[in-house]
Amino acid sequence: MSVTEWLAMALALGLGCWALLSGPRRFGVGLTAALALLAWGLALTPLLWLGLAAVALLLGLAVAFPQRRPFVWLQGSEHRPRDWSRWRDITQWLLVGAMAAAGAQYALHVWQLDSGIPSVARPDVVDAFLPIAGLIQLKGLLELGLWDAHHPAGLVMLLAAIGLSLTVKRAFCGWACPIGWMGEQGYQLRRRLLPLNWRERLAAMPNWLNRSVSIVTLVLDWALRLVKYGILAWLVNLLLAGMPAMMVARYLQGPYHQAADLKMWALFTQPSAGMLMGLAVVVLLALVRRNGVCRYLCPYGALMAMVGALSPYKIRRDTARCLREAKGMNCDKCHRACPSRIHVEVVGTVHSDECHACQRCVAACPVKGAVTLSAPGRRWPLSPRAMVLVIIGFLFVMPLFFYAAGLWGSDTSPMMRMMLWQRLENLPLF
Ligand code: SF4
Ligand code: SF4
84 MSVTEWLAMA
94 LALGLGCWAL
104 LSGPRRFGVG
114 LTAALALLAW
124 GLALTPLLWL
134 GLAAVALLLG
144 LAVAFPQRRP
154 FVWLQGSEHR
164 PRDWSRWRDI
174 TQWLLVGAMA
184 AAGAQYALHV
194 WQLDSGIPSV
204 ARPDVVDAFL
214 PIAGLIQLKG
224 LLELGLWDAH
234 HPAGLVMLLA
244 AIGLSLTVKR
254 AFCGWACPIG
264 WMGEQGYQLR
274 RRLLPLNWRE
284 RLAAMPNWLN
294 RSVSIVTLVL
304 DWALRLVKYG
314 ILAWLVNLLL
324 AGMPAMMVAR
334 YLQGPYHQAA
344 DLKMWALFTQ
354 PSAGMLMGLA
364 VVVLLALVRR
374 NGVCRYLCPY
384 GALMAMVGAL
394 SPYKIRRDTA
404 RCLREAKGMN
414 CDKCHRACPS
424 RIHVEVVGTV
434 HSDECHACQR
444 CVAACPVKGA
454 VTLSAPGRRW
464 PLSPRAMVLV
474 IIGFLFVMPL
484 FFYAAGLWGS
494 DTSPMMRMML
504 WQRLENLPLF
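Read left to right, the sequence shown gives residues 84 to 513 (the working numbering).
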């Protein structure tokens, strides 16, 4: 693992310990902390031990002085609305920071490839941005039992995201994806600088026009939501029908696949006119529609939505507690808080593929326990701290074990990478 990966790992494990220690229930803290230490120990390096020492010192201070700032900041009741946004923000900042640091290290690595063998290592985690290569690897693994030697981290991160979605729906999109996070920041900034107030304008229209526009918008929204599934289906068809198993084996050993990350880098740093137009559409969509890219275009989101349908965890409303049924009030705070505009207030269980398990509806509800992200029967509701632990478990601890098993790093040598970089335009597929 490279320096930035180690730092991200140490911070994530530290955050996990913090989530445990600052929670109201301490049951199992010792065991889980011991497991985290074991994971750290497995990946023993001097740098990691420095990180571990820093985290241990911080935790020691937090336990010794629980009422002092900043330690008190991370604590508090499990049911205060700001708990959800605070833990979600911390998790997203951690992942965005980790990806930005890895991206900077990768940029330095590629820059050095121009003049010879690089001294800066390639962070293997950048393979997470090769989802198509990950799907091809998955096919190679399932059909031929092949473990890719060149970008295995891509498959590990794909499996981690699938595991996360199988457990807690599209939590990958709502809590972890840096692209989704950037879209949300862009959207909020646009709203602040240029509030379009669609809803108010719509409400001010004559009734017939208001209704017509609403129907057209609804139909258009449904149609556009299918686009991401169409892109995913096209990719999967390409892999299943267009690439027989033996071709997959040859592709995974070929130079094109070895240089997949460099190809992706060149695609974004030397964009064609078509690519720039595509990016402009993506940015515009993110600015105009909240979660627009996740909702309409992202095939990764489509995959997470399909896998997430199997998750036992769903947003569930308890009608015995909800103010609408219990007190006959006209409450719809959960609906208004939802970035996907899901009508949580009228359903028992949210099955929508657009639910990102962000828990904004949970945070917005004034009645404790009326709406929860929980297992069937509204059992075992997930607190924000528990959510953080699940995410760290899949996106950090799971890759750490793959790393310890020797299934994370790329076998492509720096010399080979330099040669691939110089011939990038003319690489054969096999
Ligand atoms: S239903 Fe709740 S958890 Fe799902 S997207 Fe809406 S606010 Fe987030
Ligand atoms: S915010 Fe809570 S009380 Fe209000 S409608 Fe939603 S679930 Fe019911």
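Glycine included, each C-beta is placed from N, C-alpha and C at the ideal position.
Proximity test, residue i beta-carbon vs ligand 2 heavy atom, cut-off 6 Å
| i | result |
| --- | --- |
| residue 405 | yes |
| residue 346 | no |
| residue 438 | no |
| residue 366 | no |
| residue 448 | yes |
| residue 381 | no |
| residue 454 | yes |
| residue 416 | yes |
Check whether residue i and residue j have beta carbons under 7 Å apart
| i | j | result |
| --- | --- | --- |
| residue 344 | residue 454 | no |
| residue 192 | residue 171 | no |
| residue 510 | residue 349 | no |
| residue 252 | residue 438 | yes |
| residue 444 | residue 417 | yes |
| residue 369 | residue 312 | no |
| residue 249 | residue 393 | yes |
| residue 196 | residue 501 | yes |
| residue 468 | residue 399 | no |
| residue 310 | residue 379 | yes |
| residue 483 | residue 235 | no |
Beta-carbon contacts of residue i that lie in its chain and below 8 Å, excluding the five residues immediately before and after
| i | result |
| --- | --- |
| residue 318 | 215, 218, 382 |
Heavy atom of ligand 1 within 6 Å of residue i beta-carbon
| i | result |
| --- | --- |
| residue 425 | yes |
| residue 474 | no |
| residue 260 | no |
| residue 298 | no |
| residue 398 | yes |
| residue 251 | no |
| residue 371 | no |
| residue 441 | yes |
| residue 433 | yes |
| residue 444 | yes |
Chain-order list of residues whose beta-carbon lies under 7 Å from that of residue i (same chain, five-residue window excluded)
| i | result |
| --- | --- |
| residue 404 | 450, 452, 453 |
| residue 159 | Its pLDDT being 42, under 50, residue 159 is placed unreliably in this model, and the coordinates cannot settle the point. |
| residue 415 | 428 |
Separation of residue j from residue i, as counted between CA atoms
| i | j | result |
| --- | --- | --- |
| residue 94 | residue 87 | 11 Å |
| residue 238 | residue 507 | 23 Å |
| residue 182 | residue 293 | 43 Å |
| residue 275 | residue 268 | 11 Å |
| residue 364 | residue 358 | 10 Å |
| residue 201 | residue 352 | 19 Å |
| residue 325 | residue 387 | 23 Å |
| residue 499 | residue 493 | 12 Å |
| residue 247 | residue 464 | 16 Å |
| residue 466 | residue 473 | 11 Å |
Any C-beta of chain D under 7 Å from that of residue i
| i | result |
| --- | --- |
| residue 431 | Of the protein chains in this structure there is only one, and it is not chain D. |
Close Cβ partners of residue i (< 6 Å) along its chain, the five nearest in sequence each way excluded
| i | result |
| --- | --- |
| residue 264 | 175, 179 |
| residue 155 | A caution first: residue 155 carries a pLDDT of 49, below 50, which makes its placement in the model too unreliable to give a value. |
| residue 110 | Only weak support is given to the placement of residue 110: the predicted model assigns it a pLDDT of 45, under 50, and the question is left unresolved by the model. |
| residue 436 | 388 |
- [ ] Would you check if there are 3 or more beta carbon pairs closer than 8 Å linking the segment 219-238 to the segment 473-480?
- [x] Too few Cβ pairs lie closer than 8 Å, so no.
Open item on the list: With three or more beta-carbon pairs closer than 8 Å as the criterion, would you say the segment 170-186 touches the segment 255-268?
Closed with: Judged by Cβ distances under 8 Å, the segment 170-186 makes contact with the segment 255-268, as three or more pairs qualify.
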